[in-house]
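See structure below.
There are 2 protein chains.
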Amino acid sequence: MPVDQSKKYWVGFDLGGTKMLATVFDEKFKPVARKRRKTKGAEGANAGLERIIRTIDEALEIAQLSPAQVGGIGIGLPGPLDLDQGIIIESANLGWENFKLKQELERRYKCPAALANDVDAGTFGEYRFGSGKGGRCVLGVFPGTGIGGGLIYEGKIFRGKTTSCMEFGHMMVEPKGKLCGCGRRGCLETVASRLAIAAEVAMAAYRGEAPFIMEHAGTDLSEIRSSVLAEAISSGEKAVEKIVRNAARRIGDATANVCNLIAPDVVVLGGGLVEALSGIFLDEVHAAINKRVMDSLVGSITVTVASLGDDAGVMGAAALIADQVEGVRKGG
Amino acid sequence: MPVDQSKKYWVGFDLGGTKMLATVFDEKFKPVARKRRKTKGAEGANAGLERIIRTIDEALEIAQLSPAQVGGIGIGLPGPLDLDQGIIIESANLGWENFKLKQELERRYKCPAALANDVDAGTFGEYRFGSGKGGRCVLGVFPGTGIGGGLIYEGKIFRGKTTSCMEFGHMMVEPKGKLCGCGRRGCLETVASRLAIAAEVAMAAYRGEAPFIMEHAGTDLSEIRSSVLAEAISSGEKAVEKIVRNAARRIGDATANVCNLIAPDVVVLGGGLVEALSGIFLDEVHAAINKRVMDSLVGSITVTVASLGDDAGVMGAAALIADQVEGVRKGG
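These protein sequence lines are chains A and B, in that order. Just so we're aligned: 186 in our numbering is position 197 of the first sequence, and the numbers increase by one with no gaps anywhere. Just so we're aligned: 14 in our numbering is position 25 of the second sequence, and the numbers increase by one with no gaps anywhere.
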């Protein structure tokens, strides 16, 4: 049965450490169905693959589509990845190693699949459909538990030879700073991630300087989420605001450094911290850029907040595979 | 008279603050003639244009070529520039402002001309013909009186919307650091440029810790050139070596940060300091990269020394205009 080319659908998939999301898009990238599921990475890669397939299948069922109507599947997930071969080299969040996800999905669905770093996929989504729409050079900065970065340059994800890059959170900002999860010292993440902020706020709470935090979250870092930070600041907790502002300024300084290197026209701020505290992050990043970028760049950089939320990743992944398939089709 | 397409020559031009260099290349980018002249920027843009034209004309005469045999002229020079329109927006080194150099040269020689930032031109030269040959992503780091950077990504100079970028020396490394020539504080240039090194070495000399420097250069920063630093270190002056190594390490740390962002396959080190002190710079940048890049990048980055010297700029500028003209020719 010949596939109806006028009915080409794309699957965007976001494979996170805790949950997965499949969204089916029509050819105009309108979402027609979506399905969520817990990732349960600890059950291993094969069980994970089963869950991924079940999630895609159910999304297709909801959309009343057969796999033959799917033009391609794009998956955003944390790395490191081999982008060309579509292999999960190692994923700390999932616990999977050397897993040929692209190949498995292509075999199952008989259509092209592509992997992308999750932050790249999110930045690409914002570039195609959100706050960074149409920018020539779009820098995505996503501070959350870690601090991710992505770069879209002249329509494509900027990448390494085989892997993704833009390790924004691992720029060294303090030569003798705290130990980072990456094994090195003084990375931006150690002073400005949600985790670093939570650690500083927990100390303040312990010392009695942040009673709102003490009452609503205590001194457990896992409980000091972005939302409770926002509530504490709204309730007038100055110590918390000071800590968050300082972290935002550090992210701003790092962003300004990157701006001096790559001269983006748009900086898109996203991630958990920015969603909860967009005013402070916009303020501080804006101020740092104004203060620190070269004269030739002043006024040429728009700083904005991501507008697609959780959809950025699936939309970006779907657009990425669509570009690849369409590019191949045009080329062939 | 129809131009012989099989005899297409390119002019590469390097417009520096103190001297200018024109080189004529044949279609295989073999240099067939070159001419140098002092820049004398202070005499103004129009006098400067006369000197540029005289230099190109004399190089063509030496090569026994007529302007009709020139396919295009590429000029590398310090910015900021409007790359698309080919305008020198402002050049501190030359003292010229809003000068339409591209238009002037195109009118004079009746062939396409293009401007490029001098460091970009040099990096492009090393990418096409030198130490970075054929790299997918080539980062050029050129520490001298300032610290320039250039990036070639998938065959093209990475650039801003209208201007060049990769302001490597103006990454902020010390929030409360020394005042920089750019007007901001704590830029890498304030701790690791030839000028910053000279200032530190002059202090050491003044205190009696660098007798070789005191004897051969004194405490005048203008006299403490890269070559005398190298001689002092060769003669066993430990204080000078310590200062230079520390600066090289700072450049290494900054390079590692940029590597974590853009994942280059080749880092080309050049410029006055590296030419005179390549061992120390290779050592320290290598060590910093090994220590600081993410696990996924370890082993994927080659650090090398520029191999074309002063020719990098003219070769890169010539190749750049050739690419533009050939691209247009193929496209049209």
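Ideal Cβ placement from N, Cα and C applies to all residues, glycine included.
- Under a criterion of Cβ atoms nearer than 7 Å, the residues of chain A adjacent to H159 (chain B) are, in order, N249, M283.
- The residue among B:G129, B:G149, B:S211, B:G133 with its C-alpha nearest the C-alpha of I141 (chain B) is B:G129.
- About 5 Å separates the beta carbons of T151 (chain A) and D71 (chain A), which is inside the 8 Å limit, making them a contact pair.
- In the displayed model, M304 (chain A) falls within a helix according to three-state DSSP.
- At a cut-off of 9 Å between beta-carbon atoms, M9 (chain B) makes no contact with chain A.
- Around S289 (chain A), the beta-carbon contacts reaching into chain B at under 7 Å are K150.
- Of the residues assessed, N87 (chain B) falls on the exposed side of the cut-off, its CB having fewer than 16 other CB atoms within 10 angstroms.
- For G305 (chain A) against F113 (chain A), the beta-carbon gap comes to about 4 Å, under 8 Å, which counts as contact.
- In the structure shown, the three-state DSSP call for P101 (chain A) is coil.
- In the three-state scheme derived from DSSP, where H, G and I count as helix and E and B as strand, F147 (chain A) is classed as coil.
- Sequence-distant Cβ neighbours of R239 (chain B) in its own chain, meaning closer than 8 Å and more than five residues away, are V162, L177, V180, A181.
- Taking CB atoms only, Y116 (chain A) has no neighbour in chain B less than 9 Å away.
- Counting other Cβ atoms within 10 Å of its Cβ, K145 (chain A) stays below 16 and is therefore classed as exposed.
- Across the segment 111 to 140 of chain B, CB contacts with chain A closer than 9 Å involve R125, C126, G138, L140, in sequence order along the chain.
- Think of a sphere of 8 Å around the beta carbon of P164 (chain A): the chain B residues whose beta carbon falls inside it are D242, in chain order.
- Counting only runs of at least 3 residues, the segment -7 to 39 of chain A fully encloses the following beta strand (DSSP E) elements, listed from N- to C-terminal order: -2 to 4, 8 to 14, 20 to 27.
- In terms of Cβ geometry, F2 (chain A) and L10 (chain A) form a close pair [threshold 9 Å].
- With fewer than 16 other beta carbons inside 10 angstroms of its own, L168 (chain A) counts as exposed.
- Chain B has no Cβ within less than 9 Å of the Cβ of E178 (chain A).
- The beta carbon of D272 (chain B) does not come within 9 Å of any beta carbon belonging to chain A, so the residue lies off that interface.
- Distances from the CA of F270 (chain B) to each of B:T293, B:L210, B:N249 were compared; the closest alpha carbon is that of B:T293.
- Proximity of chain A to P69 (chain B) at the Cβ level (cut-off 7 Å) is accounted for by S285, in chain order.
- For the pair N249 (chain B) and M160 (chain A), the CB atoms are nearer than the 9 Å cut-off.
- Contact between the segment 101 to 119 of chain A and the segment 64 to 79 of chain A is present: three or more C-beta pairs spanning the two stretches fall below 8 Å.
- For C169 (chain A), there are no neighbours in chain B by C-beta distance under 8 Å, as the nearest C-beta there is about 10 Å away.
- By the neighbour-count definition (other C-beta atoms within 10 Å, threshold 16), D209 (chain B) is an exposed residue.
- In its chain, beyond the 5 residues on either side, S215, S216, A219 have a beta carbon closer than 6 Å to the beta carbon of A265 (chain B).
- The residue among A:R40, A:G33, A:G6, A:E47 with its C-alpha nearest the C-alpha of K24 (chain A) is A:E47.
- When Cβ-Cβ separations below 9 Å define contact, A252 (chain A) makes contact with chain B.
- Within a 10 Å sphere around the beta-carbon of T12 (chain B) sit 16 or more other beta-carbons, which makes this residue buried.
- Taking a C-beta distance under 9 Å as the contact criterion, A307 (chain B) and G68 (chain B) do not qualify as a contact pair.
- Note on geometry: alpha-carbon atoms of R43 (chain A) and F14 (chain A) lie some 17 Å from one another.
- Closest in alpha carbon position to K99 (chain B), among B:G61, B:A295, B:L49, B:E79, is B:G61.
- Rounded to whole angstroms, the separation of the alpha carbons of D254 (chain B) and H275 (chain B) is 13 Å.
- DSSP places V256 (chain B) within a strand segment (E or B) once states are collapsed to three.
- Straight-line spacing of the CA atoms in L38 (chain B) and A22 (chain B) works out to 20 Å.
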